[in-house]
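Numbering-wise, the sequence shown is residues 10 to 172 according to our numbering.
Quick reminder that beta carbons are idealized off the backbone N, C-alpha and C, glycines included.
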Amino acid sequence: MKRVSRIHERVKAQRRDFAHRESRKIVDRFDLIGVEALNIKGVASGMLAKSVNDAAWAFFLFCLTYKAANAGRRVVEVDPRGTSQECPDCGAVKAKTLSERRHQCSCGPIDLDRDYASALVIEARALAVAGASDLRRNGPLARCVCNAPSPSGETGSSAVATQ
Ligand SMILES: [Zn+2]
């Protein structure tokens, strides 16, 4: 039992270390960071695995938010509803099961990694909340889609940031 608790402690420490490191990287790179608002009701009523996951996400958001505040960056929480179902290009709802990993829509036609498509939706919502449409005019946006494979090879929890 003691050994199990030691392993738990180590995993917890690794998670914390990861959250500190990855949130630092994001804050160093981006001025505006859009994240899905945590569903507090889900935390309270969820299963254990979900609660653990949500606690890790909450801690990551905590790190991200205070580091951003210290660095003069902005973290914007957006409504998480439907971010994985909405087309980032035309706004149509494309219902998917969790196993469907691609977002496809006839508007483009578009064929994107599901997580990347969600990130684009989160980004658009964050820009709308921040009233930061001027950021788009200042050049292309640098995107970090944590959790999804990205060109820079960055990993982490779901977050979108615009530079
Ligand atoms: Zn579309």
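Per-residue DSSP class, three states only, for residue i
| i | result |
| --- | --- |
| ARG19 | helix |
| ASP124 | helix |
| ASN156 | Summary for ASN156: the model assigns pLDDT 46, below 50, so the residue's position carries little reliability; its value from the coordinates is reported in the next sentence. Three-state result, ASN156: coil. |
Start and end residues, beta strand (DSSP E) containing residue i
| i | result |
| --- | --- |
| ARG83 | 83 to 87 |
| VAL44 | 41 to 45 |
Residue i: first and last residue of the uninterrupted alpha helix (DSSP H) it sits in
| i | result |
| --- | --- |
| ARG111 | First-last for ARG111: 111 to 114, but that is the beta strand (DSSP E), not the alpha helix (DSSP H). |
Neighbourhood of residue i by C-beta distance below 7 Å, restricted to the same chain and skipping five residues each side
| i | result |
| --- | --- |
| VAL52 | Residue placement at VAL52 is poorly supported in this model, since its pLDDT is 48, which falls under 50; the coordinates are not used for a value here. |
| ALA77 | VAL36, ILE42, ARG83, VAL84 |
| GLU95 | VAL102, VAL130 |
| VAL138 | VAL85, VAL87 |
| GLY117 | ASP98 |
Own chain, CB closer than 6 Å to residue i, minus 5 neighbours either side, in chain order
| i | result |
| --- | --- |
| GLN113 | ASP120 |
| SER127 | THR92, SER93 |
Neighbourhood of residue i by C-beta, 8 Å cutoff - its chain only, sequence neighbours within 5 removed
| i | result |
| --- | --- |
| ALA46 | GLU86, VAL87, ASP88, PRO89 |
| task | Specify which residues have a beta carbon nearer than 6 Å to any heavy atom of ligand 1, listing them in chain order. | result | CYS96, ASP98, CYS99, ALA101, CYS114, CYS116, ILE119
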